[in-house]
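Participant: Take a look at this one; I'll ask things after.
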Amino acid sequence: MSRIAYVNGRYVRHADASVHVEDRGYQFADGVYEVCEVYQGCLVDETRHMDRLQRSLDELRIAMPMSRKALGFVLRQTVRRNRVRDGMVYLQVTRGVAPRDHYFPTVPTPPSIVVTAKAIDPAGGAARAEKGVNVITVPENRWERVDIKSVSLLPNVLAKQQAREAGATEAWFVDADGFVTEGGSTNAWIVTRDNVIVTRPAEFGILRGITRTVVLEVAAREGMKVEERKFTVAEAKAAKEAFNTAATTLVMPVVRIDDSPVGNGAPGSVATRLRAAFHDLAEMTKIR
Ligand code: PLP
Numbered sequence: 004m005s006r007i008a009y010v011n012g013r014y015v016r017h018a019d020a021s022v023h024v025e026d027r028g029y030q031f032a033d034g035v036y037e038v039c040e041v042y043q044g045c046l047v048d049e050t051r052h053m054d055r056l057q058r059s060l061d062e063l064r065i066a067m068p069m070s071r072k073a074l075g076f077v078l079r080q081t082v083r084r085n086r087v088r089d090g091m092v093y094l095q096v097t098r099g100v101a102p103r104d105h106y107f108p109t110v111p112t113p114p115s116i117v118v119t120a121k122a123i124d125p126a127g128g129a130a131r132a133e134k135g136v137n138v139i140t141v142p143e144n145r146w147e148r149v150d151i152k153s154v155s156l157l158p159n160v161l162a163k164q165q166a167r168e169a170g171a172t173e174a175w176f177v178d179a180d181g182f183v184t185e186g187g188s189t190n191a192w193i194v195t196r197d198n199v200i201v202t203r204p205a206e207f208g209i210l211r212g213i214t215r216t217v218v219l220e221v222a223a224r225e226g227m228k229v230e231e232r233k234f235t236v237a238e239a240k241a242a243k244e245a246f247n248t249a250a251t252t253l254v255m256p257v258v259r260i261d262d263s264p265v266g267n268g269a270p271g272s273v274a275t276r277l278r279a280a281f282h283d284l285a286e287m288t289k290i291r
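Count along the sequence shown from 1, then add 3; that gives the number in this note's numbering.
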């Protein structure tokens, strides 16, 4: 079955899907995106993802390209047309197509919108979660507005590639004071020796992950102790557990940070419990 993409009002063959060479997303990374999980035929946490999309667009002063209801329809339609039961849907909105100039376009310019969907075998994620993943640490070198989910991801791309070349799957950015901010495409967490779950506050320096928000709720429901505070690389290396969260990887245990095994070097019970309970508290809306 050939894949289908939604591009500016039309469903087209994925292989033929394209935007103009002067799309500002292409030339300036002048746009934002969202990634939602599709789980057992449901869209996961649509409301929160749409709220964050609206916030990102507002921060960049890009107009919402269509009503939320219409956008919800396009997301579902794209998932349906690609027959995705488990996987992800990707949504990107840019400031649109205009002659290349750093200033915003002076004539009314509709935002560009692209939606794609992809099936992902859940067994792959489950197998990775059973083994755990390795992370490396890299100096934080991103701009201050990482709270905006912008498509400007070059530092993240370089950090994650460095991780891959070091035999890891994720890179944790570390700020000038030695505190972990977040991963290249995930939020970072540890569990202390006293069983306290720790993650950096989302007010500054990280993206407020939707998975992070739901995991905080899961932890509260499970009666686990949580502290939203910064933690250092040294504290993470001495922790009982560590894990990452993101919409497509959910709760992913971290078993090695640089050259140090975390805890006993195997996925911990807290991360495993949070992963198992995640979909109980996430918002699920049927696609069909
Ligand atoms: N932090 C960064 C830099 C990300 O790119 C992502 C996801 O892509 C996350 C955190 C996790 O966010 P979410 O849980 O909404 O997927």
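Ideal Cβ positions, reconstructed from N, Cα and C, are used throughout, including at glycine. Treat the numbers as computed from the prediction; the structure is a model and nothing was measured.
Mapping the DSSP letters down to three states, classify Asp26 as helix, strand or coil.
Facilitator: Correct three-state label for Asp26: strand.
Participant: Any heavy atom of the ligand PLP within a distance shorter than 7 Å of the CB on Ser153?
Facilitator: Answer for Ser153: no, Cβ out of range of the ligand PLP.
Participant: Counting C-beta neighbours from all protein chains within 10 Å, is the total for Asp61 16 or more, i.e. buried, or is it exposed?
Facilitator: So Asp61 counts as exposed.
Participant: Does at least one heavy atom of the ligand PLP sit under 7 Å from the Cβ of Thr248?
Facilitator: Yes, Cβ of Thr248 sits closer than 7 Å to a heavy atom of the ligand PLP.
Participant: On the CB-based measure, 16 or more other CB atoms within 10 Å of its CB, does Arg109 come out buried or exposed?
Facilitator: In the sequence on display, residue 109 carries Thr and not Arg. Thr109 should be labelled exposed.
Participant: Report yes if the C-beta distance between Arg131 and Met255 is below 8 Å; otherwise report no.
Facilitator: Against a cut-off of 8 Å, the Cβ pair of Met255 and Arg131 comes out as a contact.
Participant: State the Cα-Cα distance for the pair Met287 and Asp48, rounded to the nearest angstrom.
Facilitator: Approximately 6 Å, taken between the alpha carbons.
Participant: When DSSP builds the beta bridges, which residues end up paired with Val138?
Facilitator: Paired residues: Glu173 and Ile260.
Participant: Can you find a heavy atom of the ligand PLP that lies under 7 Å from the Cβ of Asn144?
Facilitator: No, Cβ of Asn144 sits at least 7 Å from all heavy atoms of the ligand PLP.
Participant: Please name the residue or residues paired with Lys289 in a DSSP beta bridge.
Facilitator: Beta-bridge pairing links Lys289 to Cys45.
Participant: Distance, Cα to Cα, Ala237 vs Asp262?
Facilitator: Cα to Cα, the separation comes out at about 12 Å.
Participant: Which residue from Ala242, Val82, Met4 and Gln95 puts its Cα closest to that of Ala191?
Facilitator: That would be Ala242, whose Cα lies nearest to the Cα of Ala191.
Participant: Classify Asn247: buried if its beta carbon has 16 or more other beta carbons within 10 angstroms, exposed otherwise.
Facilitator: Burial call: buried.
Participant: Relative to the C-alpha of Val201, which residue among Ser188, Ile213 and Phe182 is closest?
Facilitator: For the residues Ser188, Ile213 and Phe182, the minimum Cα distance to Val201 belongs to Phe182.
Participant: Which residue comes first and which comes last in the alpha helix (DSSP H) that contains Phe281?
Facilitator: Counting along the chain, the alpha helix (DSSP H) containing Phe281 begins and ends at Ser272 to Leu284.
Participant: Between Glu231 and the ligand PLP, is the CB less than 7 Å from at least one heavy atom?
Facilitator: Glu231: no, Cβ never under 7 Å from the ligand PLP.
Participant: Determine contact between the region 114-130 and the region 25-44, defined as no fewer than three beta-carbon pairs at a distance below 8 Å.
Facilitator: Contact between the region 114-130 and the region 25-44 is present, because at least three Cβ pairs lie under 8 Å.
Participant: Tell me whether the region 169-176 and the region 137-151 touch, counting them as touching only if at least three CB pairs, one residue from each stretch, are closer than 8 Å.
Facilitator: Judged by Cβ distances under 8 Å, the region 169-176 makes contact with the region 137-151, as three or more pairs qualify.
Participant: In chain order, which beta strand (DSSP E) runs of at least 3 residues are fully inside the region 146-170?
Facilitator: Runs of the beta strand (DSSP E) inside the region 146-170: none found.
Participant: If you follow the alpha helix (DSSP H) that Glu230 is in, where does it begin and where does it stop?
Facilitator: Per DSSP, Glu230 belongs to no alpha helix (DSSP H); it is in the beta strand (DSSP E), Lys228 to Glu231.
Participant: Report the rounded CA-to-CA distance for Asp197 versus His17, giving the unit in angstroms.
Facilitator: The alpha-carbon atoms of Asp197 and His17 are separated by roughly 49 Å.
Participant: Between the Cα of Leu46 and the Cα atoms of Thr275, Ser155, Ser272 and Thr251, which residue gives the shortest distance?
Facilitator: Nearest C-alpha to Leu46: Thr251.
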